[in-house]
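*Asks:* Numbering (the numbering used here), first residue to last: 3 to 87. We treat Cβ as the ideally placed atom computed from N, Cα and C, and that holds for glycine.
#1: Determine the contact status of residue 40 and residue 31, defining contact as a CB-CB distance below 7 Å.
#2: Where residue 18 and residue 38 are concerned, what is the direct C-alpha to C-alpha distance, given to the nearest angstrom?
#3: As an exercise, report each continuous alpha helix (DSSP H) stretch of at least 4 residues that is fully enclosed by the segment 15 to 76, in chain order.
#4: State yes or no: is the C-beta of residue 60 within less than 7 Å of the C-beta of residue 27?
#5: What is the C-beta distance between residue 58 and residue 52, in whole angstroms, given that I count them as a contact (C-beta under 8 Å)?
#6: With a Cβ-Cβ cutoff of 7 Å, do residue 71 and residue 29 count as a contact?
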């Protein structure tokens, strides 16, 4: 279940705005060995599809209402990170 928590936006702003950032859910891909694991040949884009489906299922959000999504990466670009990770 999602639980409303006070955030900097609700504590400092007078009224909610259309530009407010809302974090509704977070998920992650499976963890395996970097160059030897079972996902070593899987493109990052293919790994995102089940994540997006899980977020929609978990939050029951209408996908048409999602305006932007931020995807993070634990590696620095020079350490093997890709733009899609």
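*Replies:* Here's the rundown:
#1: Against the chain shown, residue 40 aligns to sequence position 38. Against the chain shown, residue 31 aligns to sequence position 29. Against a cut-off of 7 Å, the Cβ pair of residue 31 and residue 40 comes out as no contact.
#2: If you number the chain shown from 1, residue 18 lands on position 16. If you number the chain shown from 1, residue 38 lands on position 36. Cα to Cα, residue 18 sits roughly 47 Å from residue 38.
#3: Assignment of alpha helix (DSSP H) within the segment 15 to 76, counting only whole runs of 4 or more residues, yields 46 to 61 in chain order.
#4: In the chain shown, residue 60 corresponds to position 58, counting from 1. In the chain shown, residue 27 corresponds to position 25, counting from 1. Yes, they are a contact pair.
#5: One-based indexing of the chain shown puts residue 58 at position 56. One-based indexing of the chain shown puts residue 52 at position 50. About 11 Å; that fails the 8 Å criterion.
#6: The residue you call residue 71 lines up with position 69 of the chain shown. The residue you call residue 29 lines up with position 27 of the chain shown. It is not a contact, given that the beta carbons lie outside the stated cut-off.
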